[in-house]
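Engineer: Before I ask anything, let me first share the structure, which is written out below as structure tokens.
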Amino acid sequence: MKIPTSNWFEQYDCDDDIEYQFMDLNDIEYEPDFSEYLWMEDMEEFDKNEMQRLQDEEIMKECYEAMCEDEQVARLTEQLQRMSEAGMIASPNEIESDPELLKSYLMSCINDLI
21 MKIPTSNWFE QYDCDDDIEY QFMDLNDIEY EPDFSEYLWM EDMEEFDKNE MQRLQDEEIM
81 KECYEAMCED EQVARLTEQL QRMSEAGMIA SPNEIESDPE LLKSYLMSCI NDLI
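Counting from 21, one number per residue, gives the positions in the sequence shown under this note's numbering.
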């Protein structure tokens, strides 16, 4: 080790055997991935597609709710038929023509049985 001098560069003893290799940043083949931002390229097209997706989701939700309601009406109609056959109700024909009336009537009948 060298004795410190007033020259700051000579204060450190560097080993000549060690080679420092510095990479030039321009030599690196780096291509950033901007694929997740490509939607920003055409905002109008993106907005149009997003609105279509939201409308499709809303239609699917409405269809699902309608299907569930139809299944519920079918179950209630079947239950009404069984109740009619058992003599629990008098005339189901009037009630069957109106699904909302059918639901309310059957729900009241079910509550009475419980």
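For glycine and all other residues, C-beta sits at the position ideal for the given N, C-alpha and C.
#1: To the nearest angstrom, how far is the alpha carbon of E39 from that of P52?
#2: Enumerate in chain order the residues of its own chain whose CB-to-CB distance from S128 is below 6 Å, with the five nearest sequence positions on each side excluded.
#3: Just how far apart, CA to CA, sit D76 and A86?
#4: Tell me the DSSP secondary structure of P119 in three-state form.
#5: Would you mind stating whether L5 and K123 have Cβ atoms separated by less than 8 Å?
#6: Go to L58, then tell me how far its alpha helix (DSSP H) extends in each direction, as first and last residue.
#7: Buried or exposed: where does I130 fall if 16 or more other Cβ atoms within 10 Å of its Cβ makes it buried?
Structural biologist: Let me spell this out:
#1: Residue placement at E39 cannot be trusted, given a pLDDT of 49 that sits under 50; what the coordinates show is reported in the next sentence. Using only the alpha carbons, I get a separation of about 31 Å.
#2: Residues of the same chain with a CB within less than 6 Å of the CB of S128, apart from the 5 flanking positions on each side, do not exist.
#3: Those two C-alpha atoms are separated by around 15 Å.
#4: The three-state reading of DSSP puts P119 in helix, counting H, G and I together.
#5: Summary: the structure shown does not reach residue 5, with the chain confined to residues 21 through 134, and so no result is reported for it.
#6: In this chain, L58 is not harboured by any alpha helix (DSSP H), its DSSP state being neither H nor E.
#7: By the Cβ neighbour-count rule, I130 is exposed, with fewer than 16 other Cβ atoms within 10 Å of its own.
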